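Everything in the sequence shown is counted per my numbering, starting at 66 for the first residue and increasing by one.
Ideal Cβ positions, reconstructed from N, Cα and C, are used throughout, including at glycine.
As the structure is a computational prediction, the values presented were derived from the model and not from experiment.
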Amino acid sequence: MQIQQESCSMKSLGMLNLIGLWHSWVLLALANPPCLMHWLSYLAQEDVFLGTLTVRETIAYSANLRLSTKMDKNEINELVERTIVEMGLEHCANNKIGNWHLRGISDGEKKRLSIALEILTHPYVMFLDEPTSGLDSASAYFVIVALRDIARHGRVVVFSIHQPSYYLFDLFDDLYLLSGGRVVYFGEANMAVKFFAESGFPCPVRRNPTDHFLRCINPDFDNIASTMLRSKSINGITTMPDCVMNLTTQEIQETLIEKYKISEYSTTARDKIQDIILLEENISLSNRSKARWSKQLSSLIRRSFLNMSRDIGYYWLRIVFYVAVSISVGSIYFKIDTSFLAITARAKCEAFIYGFMICLSIGGLPSFIEELKVYNREMLNKHYGEGLLSISNFISSLPFLVVIAVSSGTVVYSMVKLHSGFSHFCYFCINFFCYISVIECSMMVVAALVPNVLMGIGIGTSLVVFMMMPSEIFRPLPDLPKFFWRYPMSYISCASWALQGVYKNDMIGLEFGNSVPEDSKLKGETVLLTAFGIPLDHSKWWDLAALMCLLIFDRLLLFVVLKYKHRVSLVFCNLSAKRIFKLRGLPMRASSSRSSRDRTTLPTMRNKNFHPLSSLEDLTSPPP
Numbered sequence: 066m067q068i069q070q071e072s073c074s075m076k077s078l079g080m081l082n083l084i085g086l087w088h089s090w091v092l093l094a095l096a097n098p099p100c101l102m103h104w105l106s107y108l109a110q111e112d113v114f115l116g117t118l119t120v121r122e123t124i125a126y127s128a129n130l131r132l133s134t135k136m137d138k139n140e141i142n143e144l145v146e147r148t149i150v151e152m153g154l155e156h157c158a159n160n161k162i163g164n165w166h167l168r169g170i171s172d173g174e175k176k177r178l179s180i181a182l183e184i185l186t187h188p189y190v191m192f193l194d195e196p197t198s199g200l201d202s203a204s205a206y207f208v209i210v211a212l213r214d215i216a217r218h219g220r221v222v223v224f225s226i227h228q229p230s231y232y233l234f235d236l237f238d239d240l241y242l243l244s245g246g247r248v249v250y251f252g253e254a255n256m257a258v259k260f261f262a263e264s265g266f267p268c269p270v271r272r273n274p275t276d277h278f279l280r281c282i283n284p285d286f287d288n289i290a291s292t293m294l295r296s297k298s299i300n301g302i303t304t305m306p307d308c309v310m311n312l313t314t315q316e317i318q319e320t321l322i323e324k325y326k327i328s329e330y331s332t333t334a335r336d337k338i339q340d341i342i343l344l345e346e347n348i349s350l351s352n353r354s355k356a357r358w359s360k361q362l363s364s365l366i367r368r369s370f371l372n373m374s375r376d377i378g379y380y381w382l383r384i385v386f387y388v389a390v391s392i393s394v395g396s397i398y399f400k401i402d403t404s405f406l407a408i409t410a411r412a413k414c415e416a417f418i419y420g421f422m423i424c425l426s427i428g429g430l431p432s433f434i435e436e437l438k439v440y441n442r443e444m445l446n447k448h449y450g451e452g453l454l455s456i457s458n459f460i461s462s463l464p465f466l467v468v469i470a471v472s473s474g475t476v477v478y479s480m481v482k483l484h485s486g487f488s489h490f491c492y493f494c495i496n497f498f499c500y501i502s503v504i505e506c507s508m509m510v511v512a513a514l515v516p517n518v519l520m521g522i523g524i525g526t527s528l529v530v531f532m533m534m535p536s537e538i539f540r541p542l543p544d545l546p547k548f549f550w551r552y553p554m555s556y557i558s559c560a561s562w563a564l565q566g567v568y569k570n571d572m573i574g575l576e577f578g579n580s581v582p583e584d585s586k587l588k589g590e591t592v593l594l595t596a597f598g599i600p601l602d603h604s605k606w607w608d609l610a611a612l613m614c615l616l617i618f619d620r621l622l623l624f625v626v627l628k629y630k631h632r633v634s635l636v637f638c639n640l641s642a643k644r645i646f647k648l649r650g651l652p653m654r655a656s657s658s659r660s661s662r663d664r665t666t667l668p669t670m671r672n673k674n675f676h677p678l679s680s681l682e683d684l685t686s687p688p689p
């Protein structure tokens with residue numbers, strides 16, 4: 066079934082309202098929301114994938130995340146191959162989807178891949194929002210043919226479309242034509258032209274029927290018609306050859322709607338709907354089991370690790386930069402001794418590593434944001450939970466963070482000659498690993514909150530700088546203003562704990578030369594306490610434990626943001642909608658009866674009066 070309307074937003078609204086036709090499934094979904102994800106499928110207009118994966122890998126990982134654990138590996142692989150063949154993706158099954166540095170598949174193939182992911186679970190009803198948007202004529206035709214084949218296998222396919230060509234229109238089974246939320250026509254697509262002709266608006270010769278339908282119901286054409294009339298009146302012509310041009314859209318709409326109400330097409334549509342309702346008792350919906358959480362976690366870890374290893378901008382490029390900057394730092398502070406002047410040099414070296422090198426973590430934000438788009442789509446479709454995502458992301462990134470910490474620590478330690486000893490080296494690497502892990506998780510939280518990369522980079526940079534300010538980099542802790550900067554910022558700043566730990570690891574146990582050569586040497590503990598104001602009432606391992614606690618806290622924060630972000634967004638959207646209704650003086654009516662659940666009244670920029678879809682043609686379902 067095709068939904069066609071003059072406004073894209075109203076097409077989507079019409080699509081959602083059509084769900085009311087499947088009365089029993091909607092009631093079941095309201096009673097058990099996850100059931101909706103098993104039997105109904107919704108495909109958004111935007112195609113979101115991990116560009117580093119191949120077509121086959123994308124479908125296979127999605128199958129492992131969603132299909133029942135009762136299916137063994139061979140059965141899943143067979144289903145994946147059948148899906149690839151069904152959607153005509155055999156020729157590009159081993160091609161990568163493509164991203165900023167990889168040339169991938171075409172837009173039409175991406176759209177078919179999106180459809181392939183949705184049909185894996187064999188949904189009874191599929192809703193698609195403009196599946197041909199942005200495609201050329203050949204790709205659009207291929208997509209519609211694929212959808213028609215899916216419908217031939219017993220599934221209900223409902224999609225909205227902007228302005229289909231004649232070749233696409235010829236493939237449709239049914240047409241649902243809307244104007245301002247009101248039904249203009251609902252019936253067989255090939256009978257729509259006849260209905261318009263019988264209503265007094267025949268489709269001109271050599272004109273696309275869909276263009277003619279939109280001309281009759283789209284108010285934007287009123288401005289075009291008035292402009293053309295003014296232009297022709299200059300030449301003495303006061304009428305248009307097209308009979309439609311002499312009427313306003315409102316007049317055409319009212320005529321078509323009234324004609325449809327008393328037409329045989331409306332009667333046929335109502336009879337079909339009643340037949341479907343009578344079959345309600347024969348519909349048996351068995352519970353579909355999902356994959357176990359352990360299998361989902363394993364699949365998420367493997368997929369995320371594969372994406373990270375193939376995307377050079379995710380970690381590999383940053384690893385190169387970390388090593389390059391470490392070599393630069395090592396060459397500047399090469400072989401620092403224990404003289405009096407070396408105290409400041411050691412502090413500056415470690416402050417640079419923990420203060421400014423860490424800004425390289427911001428470079429991963431674009432990859433974080435692109436990956437989170439895929440995760441958001443899958444979590445909204447209830448493929449898995451937010452907890453699994455938070456855990457899998459940390460585990461899959463663990464090897465890369467270890468490589469960064471060990472490689473940078475090895476270069477700095479071997480060139481700068483910090484406190485010797487394997488235990489001191491291990492502490493430096495572990496401390497640095499925990500520090501960058503906290504920053505990486507903070508960047509993930511930022512990526513989950515921001516709508517685009519530019520805003521993410523700006524907020525991420527500000528956050529990193531903000532965390533550095535209450536540390537030892539700019540001013541000793543005792544000298545910080547007690548309000549806000551000392552309490553609580555110095556306690557929640559990861560840079561503060563990391564620098565305290567690395568200072569203690571390097572200086573405790575060493576003796577430094579005094580400013581006066583004849584005086585006794587300065588112990589590292591004395592330097593920490595007097596020069597840097599670092600308290601010695603707790604050991605460096607306490608600082609490391611504080612870093613680990615911050616890491617756990619940030620992971621929990623990421624979980625909370627992912628879980629409640631969309632709920633909070635809906636609340637704000639609801640408040641914004643109420644404010645708009647209030648400013649425009651429109652009533653906000655609450656639902657007071659069962660049938661009102663299906664009724665929707667929305668304003669438009671043209672201030673048109675919309676009518677409840679369920680009350681137009683007596684399409685409301687009988688009471689349960």
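- Across the structure, S369 and V439 are spaced so that their CA atoms are roughly 11 Å apart.
- I469 sits away from I366, with the two beta carbons spaced by 8 Å or more.
- If you draw a 10 Å sphere on the C-beta of E122, you find 16 or more other C-beta atoms in it, and that means buried.
- A residue is called buried once 16 or more other Cβ atoms fall within 10 Å of its Cβ, and S580, having fewer, is exposed.
- G450 sits in coil when the DSSP states are folded into three classes, being neither helix nor strand.
- Three or more beta-carbon pairs separated by less than 8 Å are not found between the region 561–573 and the region 389–399, which leaves the two stretches without contact.
- In the DSSP assignment, M191 falls within the beta strand (DSSP E) that extends over 190–194.
- DSSP places T332 in the helix class (H, G or I) of the three-state scheme.
- DSSP places E122 inside the alpha helix (DSSP H), whose first and last residues are 120–131.
- In the DSSP assignment, R247 falls outside any alpha helix (DSSP H) and lies within the beta strand (DSSP E) extending over 247–253.
- In terms of Cα proximity to I408, the closest of V210, S558, G589 is G589.
- The three-state reading of DSSP puts E576 in strand, counting E and B together.
- Residue pairing by DSSP leaves L182 without any beta bridge partner.
- Contact between S244 and Q318 holds: CB atoms are separated by about 5 Å, below the 8 Å threshold.
- Contact between Q361 and L437 does not hold, since the beta-carbon distance rounds to 17 Å and is not under 8 Å.
- Around the beta carbon of E143, a 10 Å sphere encloses fewer than 16 other beta carbons of the protein chains shown; the residue is thus reported as exposed.
- Remark: fewer than three beta-carbon pairs, one from each stretch, lie closer than 8 Å, so the region 220–229 and the region 255–272 are not flagged as touching.
- For V210, the enclosing alpha helix (DSSP H) starts and ends at 202–217.
- One thing to note: W550 has its Cβ no nearer than 8 Å to the Cβ of L612.
- For S393, the enclosing alpha helix (DSSP H) begins and ends at 382–397.
- Under the three-state reduction of DSSP, I162 is assigned to coil, being neither helix nor strand.
- By the Cβ test, the region 191–202 is not in contact with the region 143–158, since fewer than three Cβ pairs between them sit closer than 8 Å.
- In this structure, DSSP gives K547 a state outside helix and strand, which the three-state scheme calls coil.
- Counting the other CB atoms within 10 Å of its CB gives S641 a total below 16, which places it among the exposed residues.
- Taken through DSSP and simplified to helix, strand or coil, K324 comes out as helix.
- Counting only runs that start and end inside the region 551–639, the alpha helix (DSSP H) elements of at least 4 residues fall at 554–557, 559–572, 589–595.
- In this structure, the CA atom of I162 is about 15 Å from the CA atom of S432.
- Between N441 and S363, the alpha-carbon positions lie close to 18 Å from each other.
- If you draw a straight line from the Cα of I524 to the Cα of V511, it is about 7 Å long.
- Per the DSSP secondary-structure output, Y107 pairs in a beta bridge with F192.
- Considered as a whole, the region 486–536 harbours 487–514, 518–533 as its complete alpha helix (DSSP H) runs of no fewer than 4 residues, in chain order.
- Bounds of any alpha helix (DSSP H) do not take in L425, whose DSSP letter is neither H nor E.
- The continuous alpha helix (DSSP H) containing V258 extends over residues 257–263.
- Here DSSP, grouped into helix, strand and coil, assigns D285 to helix.
- Put simply, of D194, S127, V394, T117 the residue whose alpha carbon is nearest the alpha carbon of N164 is T117.
- In the structure shown, the three-state DSSP call for S225 is strand.
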